[in-house]
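**Q** When we follow the numbering used here, the leftmost residue of the sequence shown carries the number 27, and every step to the right adds one.
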Amino acid sequence: MTPMPIFTSHDGTELAYHVKGEGEPLVCLPGGAMRASAYLGDLGGLTAGRRLVLLDLRGTGDSQVPADESTYRVDRQVADVEALRLHLGLEHMDVLAHSAAGNLALLYAAAHPARLRRLALVTPTCWAVGLDSTPEQRLEVVRGRAGGEPYDTAIAAYERILDVLAAGGTPAPADWTRAMPLAYGRWDEGVRAHIDASGREKNAAAGVAYAGPGAFDPPATRAALRRLTGEVLVLAGELDSYPTAALTAELAGLFPRGTADVQPGGAHFPWLDDPRWFAARVERFLATGS
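Next up, the structure:
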């Protein structure tokens, strides 16, 4: 059995990563926030032409829990990504980041713009640059899925969640669970298994700390991203309420060489909804920059 690759980050924390496929390396940063990289699978078959380097963020998956748990904050994990690049011996690297890890990738790009060749942001959250969609924009997307189960129940739960958040409260965990079908463009046993694995794969305490106070300085990050010379693809799912297609287009506009695209019928995990479309689109970007 091949030993699992491990490297030591700047503070002595041992971090693990998983390698799948053959070809040029693609460093993959998982979202969650703070979910083990296992949920990314083979990213719809990207392993056919790429060697995926799937990082388990500190305190998740097979990576070590840090001695200082304040290092779960996303801006402090930028150094982990740079340590991985150095460990892999890459002068420049291609990076794919999903969901909450979009913030980690944005902060890395701002801090190390010369080290990124191409960056694929897949249904990313945009806290690092101060972008957000309104509840009305999110509801417009999810209400378009009404007319049957499990979506009607999920939409009602999502409406309650937004109401509670607007009032400054904490939504009921059961409503988050009921709303989960909206994160997927299809509904079957594979999707249910993907949802069930989430609780086992997430570090909940680390997820709370991830976007903690002081993590973001949007004006400074926006300014720094203007120095990024590499190409950026921001990929939305047509059925995803956050980020919406409009929000991803706005995010792409922050980069000198940014492109936005929308996967038809895709939601927050688009490689599960149409693996062939997803893999072909991302591979085209990685090969050509467009």
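Yeah, the Cβ is synthetic: ideal placement off N, Cα and C, and Gly gets one too.
For Thr97, collect the residues of the same chain with a Cβ closer than 8 angstroms to its Cβ; drop the 5 residues on either side in sequence, then sort them by chain order.
**A** If we look at Thr97 and ignore the five residues flanking it on each side, its Cβ neighbours are Asp37, Thr39, Arg84 and Gln103.
**Q** Count the other C-beta atoms from every protein chain shown that fall within 10 angstroms of the C-beta of His294, then say buried if there are 16 or more, exposed otherwise.
**A** Buried is the call here.
**Q** Whose CA, out of Trp202, Ala146 and His220, lies closest to the CA of Phe304?
**A** Nearest option by C-alpha distance: Ala146.
**Q** Is Ala42 near Asp94, with beta carbons less than 7 angstroms apart?
**A** No, they are not a contact pair.
**Q** So the candidates are Gly58, Arg61, Ala64 and Arg76; which of them puts its Cα closest to the Cα of Leu52?
**A** Cα-wise, what sits closest to Leu52 is Arg76.
**Q** Given a cut-off of 7 angstroms on the beta-carbon distance, is the pair Ser267 and Val107 in contact?
**A** For Ser267 and Val107, no; Cβs fall outside 7 angstroms.
**Q** By the 10 Å Cβ neighbour count, where 16 or more other Cβ atoms means buried, how is His118 classified, buried or exposed?
**A** Exposed, because fewer than 16 other Cβ atoms sit within 10 Å of the Cβ of His118.
**Q** With H, G and I counted as helix, E and B as strand and the rest as coil, what does DSSP make of Tyr43?
**A** The answer is strand: DSSP assigns Tyr43 an E or B state.
**Q** What residue does the beta strand (DSSP E) around His124 start on, and which one ends it?
**A** Its beta strand (DSSP E) spans residues Met119 to His124.
**Q** Which one of Ile187, Cys54, Met206 and Ala231 has the shortest CA to CA distance from Ala131?
**A** Checking every option, the nearest Cα to that of Ala131 belongs to Cys54.
**Q** May I have the straight-line CA-CA distance separating Thr34 from Gly58, to the nearest angstrom?
**A** One C-alpha to the other measures close to 23 angstroms.
**Q** At what residue ranges does the region 119 to 191 contain a whole run of the alpha helix (DSSP H), taking only runs of 4 or more?
**A** Runs of the alpha helix (DSSP H) inside the region 119 to 191: 127 to 137 and 161 to 169.
**Q** Which residues mark the beginning and the end of the alpha helix (DSSP H) in which Gly225 is found?
**A** That run of the alpha helix (DSSP H) goes Glu215 to Glu227.
**Q** Kindly identify the DSSP beta-bridge partner or partners of Gln289.
**A** In DSSP, Gln289 forms a bridge with Gly263.
**Q** Roughly how far, in whole angstroms, is the beta-carbon of Arg61 from the beta-carbon of Ala241, given that I think they are within contact range, below 8 angstroms?
**A** The Cβ separation is near 18 angstroms, so there is no contact.
**Q** At 4 residues or longer, and completely inside the region 289 to 313: list those alpha helix (DSSP H) runs for me, N to C.
**A** Entirely contained in the region 289 to 313, the alpha helix (DSSP H) runs reaching 4 residues are, in chain order, 296 to 299.
**Q** Would you call Ser316 buried or exposed, if buried means 16 or more other Cβ atoms sit within 10 Å of its Cβ?
**A** It counts as exposed.
**Q** Which residues mark the beginning and the end of the beta strand (DSSP E) in which Pro244 is found?
**A** No beta strand (DSSP E) contains Pro244, which is instead part of the alpha helix (DSSP H) from Pro244 to Leu251.
**Q** Does DSSP put Thr104 in a helix, in a strand, or in coil?
**A** What sits at residue 104 in the sequence shown is Val, not Thr. Helix at Val104.
**Q** Tell me whether the beta-carbon of Pro139 lies closer than 7 angstroms to the beta-carbon of Leu254.
**A** Yes, the Cβ-Cβ distance between Pro139 and Leu254 is below 7 angstroms.
**Q** If you run the structure through DSSP and keep just helix, strand and coil, what is Arg212?
**A** Arg212: coil per DSSP, three-state reduction.
**Q** For Arg143, which residues from the same chain have a beta carbon less than 7 angstroms from its beta carbon, with the 5 sequence-adjacent residues on both sides left out?
**A** Closer than 7 angstroms at the Cβ level, and outside the excluded window around Arg143, lie His118, Met119, Asp120 and Gly256.
**Q** Do the CB positions of Ala230 and Ala136 come within less than 7 angstroms of each other?
**A** Contact: no.
**Q** Quick one: give me the first and last residue of the alpha helix (DSSP H) that Arg204 is part of.
**A** That run of the alpha helix (DSSP H) goes Pro199 to Ala205.
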